Amino acid sequence: MTRPLRYVPTDRPSRGRDFAILVALLTLALSFATIGQERRIVISQYVRATALYPFLMLHEAFEKHAVTVSSTRLLASQRDSLAAELASARRVAADVAQLRRLLGLGGLDPGGFILADIVPGRPNIGESHAFLLAKGRLDGVEPPVGVLAGDGIVGVIRSARGSTSIGHFWTHPEFRVSVRTESGSAVGIVRPRQEDDGRMVMELEGMPYQEDVPLGSLLVTSGVSSLYPAGIPVGTVRAVSEVHAGWAKSYLVEPSVRPDEANVALVWRRPAAPE
Amino acid sequence: MKSSETRTVVLVVGFTLLHFSLRPLFVDWPVAPDLLTAAVLLGGLFLRAGSAAILGFFLGILEDAMALGGGWTALLYTMAAYLGARFRDLIFADSRLFVPLYLFLGTWAIHLAIAALTGSLDVTTGLVVSPIDAALTTIAGGLGELLIARASR
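In order, the protein sequences belong to chains C and V.
For this note's numbering, count along the first sequence from 1 and bump the result up by 1059.
For this note's numbering, count along the second sequence from 1 and bump the result up by 323.
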């Protein structure tokens, strides 16, 4: 059995000194509590930057680890979903190839994608609508061509050199993409729009007045312009933004991908033209 | 330094380091052991009242800076450490039940005082959350003491 912690007797003569220390510390502590919020924050920040710094670094490391763990779980679940979708897509592709053969049509080249990193902070810090891609003409990038991320449209490549390309995010004022609803019931053009709070969203503009697009509808690329493959998610219809009496309506669209979420992109490699 | 004093110093330092290291974990739990309060109270067991008050003041300032709170923790910890040191002089402390009871009542009293000063004192906080926190703190203190006693053999 271990002995319990024992108290340490205090000498009587030191009690007066101890009480004086207590009074001084209580005065200091009371001053700290009543010094005012701003001054207290300044002192607190100094303590955080010195004595508490190692602990705050440790907390940051814990947080990063937690984010990494949750990202890994998310990626694993996305990978599983993709595997399931891929299996079903392979069946559809086989059916399509068989039907084309029966109809006497040639093989169909759907094109492909070039995987590329978006270089952060480039080409110029502050030019928020442009991005630099770490793949160029040598890798098969042929501008103008669409750039996608896993969840939808990111933007468009405007110019390409040997091993780099420069593109515009969908937030660029000149960005336009031809879209349709998933069911194909409505088609239109989507452009960027800045909300009152400065947040960038999209706008589906010029829809016929008598045609209602259900809120929550997913808009996908129509594939008309040859910049983007058909069927890539662009955004979800959120609300009616404008009604031009009697002839047209516009809708606010929540984008599928925000520029700051895109680190890796897929550049579309168009299918070869039939000979 | 006597062996029980060494063990108490290790407990105080260890609990302080653990408290600040595990803070993000504990703040998400509805009830949690308050290792810093345990360190302050244990500090009062072996330090002179003046030194205990200094320890309480500095640990309180650290806690106030970490939590960016109202700045009352330094005041409460200074008082608690000083009173703890005085308290042990007034009663016979060479009992196995003394430290657990001291930790439990001390933690509960400090939590009630913090809740009262921050205006968050209600029946649930005072009679459910605080006693459970105090019980967990007592268990943590007991476990810490046991581990250190075993390690120092």
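For glycine and all other residues, C-beta sits at the position ideal for the given N, C-alpha and C.
Since this is a predicted model, take the numbers as computed values, not measurements.
query                                                                                                                     : result
Three-state class that DSSP yields for residue 1253 of chain C in the structure shown                                     : strand
Under 7 Å from the C-beta of residue 356 of chain V: neighbouring residues of chain C                                     : Correct list: empty, because the minimum Cβ distance to chain C is about 17 Å.
Residue 469 of chain V (DSSP reduced to helix, strand or coil)                                                            : helix
DSSP state of residue 1176 of chain C mapped onto helix, strand, coil                                                     : strand
Per-residue DSSP class, three states only, for residue 1262 of chain C                                                    : strand
Closest Cα partner of residue 441 of chain V within the set V/342, V/395 and V/370                                        : V/395
Chain V contact residues for residue 1148 of chain C, given Cβ-Cβ distances below 8 Å                                     : Within chain V, no residue comes near residue 1148 of chain C; the closest Cβ sits about 41 Å away, beyond 8 Å.
Local conformation of residue 1122 of chain C per DSSP, three classes                                                     : helix
Closer than 8 Å to chain C by CB, residue 366 of chain V                                                                  : no
Contacting residues, own chain, Cβ-Cβ under 7 Å from residue 1313 of chain C (five flanking each side not counted)        : 1260, 1294, 1295 and 1297
Minimum C-alpha distance to residue 431 of chain V - residue among V/352, V/341, V/353 and V/360                          : V/360
Option nearest residue 1224 of chain C by Cα separation, candidates C/1204, C/1270, C/1164 and C/1168                     : C/1204
Residue burial classification, residue 1113 of chain C (beta-carbon count within 10 angstroms, cutoff 16)                 : exposed
Contact belief for residue 1213 of chain C with residue 1281 of chain C at Cβ below 8 Å, rounded distance in angstroms    : No, residue 1213 of chain C and residue 1281 of chain C are not in contact; Cβ-Cβ is about 18 Å, not under 8 Å.
Interface flag, residue 1120 of chain C vs chain V, CB-CB below 8 Å                                                       : no
Closest Cα partner of residue 378 of chain V within the set V/436, V/457, V/397 and V/329                                 : V/397
Reduced DSSP secondary structure (H/G/I, E/B, other) of residue 1279 of chain C                                           : strand
Simplified DSSP state of residue 396 of chain V, which is helix, strand or coil                                           : helix
Classification of residue 366 of chain V by the beta-carbon crowding that lies within 10 angstroms, buried from 16 upward : buried
Complete beta strand (DSSP E) runs within the stretch 361-407 of chain V (minimum length 3 residues, chain order)         : none
Residue span of the alpha helix (DSSP H) that contains residue 1093 of chain C, given as start and end                    : 1074-1093
Residue span of the alpha helix (DSSP H) that contains residue 1101 of chain C, given as start and end                    : 1096-1108
Buried or exposed by the 16-neighbour rule on C-beta atoms within 10 Å, applied to residue 335 of chain V                 : buried
Cross-chain neighbours of residue 1103 of chain C in chain V, by beta carbon under 7 Å                                    : 387, 388 and 391
Proximity below 8 Å, CB of residue 1324 of chain C to CB of residue 1219 of chain C                                       : no
Collapsed DSSP secondary structure at residue 1295 of chain C in the structure displayed                                  : strand
CB contact flag (residue 1292 of chain C, residue 1277 of chain C, <8 Å)                                                  : yes
Limits of the alpha helix (DSSP H) - the one that residue 1189 of chain C falls within                                    : Looking at the DSSP string, residue 1189 of chain C is not in any alpha helix (DSSP H); the run it does join, the beta strand (DSSP E), is 1189-1192.
Residue closest to residue 1110 of chain C, alpha-carbon to alpha-carbon, out of V/384, V/376 and V/437                   : V/384
Limits of the beta strand (DSSP E) - the one that residue 1327 of chain C falls within                                    : 1323-1328
Chain C contacts from the stretch 434-467 of chain V (Cβ-Cβ distance under 8 Å)                                           : none
Contact under 8 Å by Cβ, residue 1258 of chain C with residue 1248 of chain C                                             : no
Residue 1208 of chain C, enclosing beta strand (DSSP E) - first and last residue                                          : 1204-1208
Candidates C/1080, C/1232 and C/1086: closest to residue 1188 of chain C by CA position                                   : C/1232
Segment contact flag, the stretch 348-360 of chain V with the stretch 453-462 of chain V, C-beta cutoff 8 Å, min 3 pairs  : yes
Minimum Cβ-Cβ distance from residue 1098 of chain C to chain A less than 8 Å                                              : Included in the structure are the protein chains C and V, with no chain A among them.
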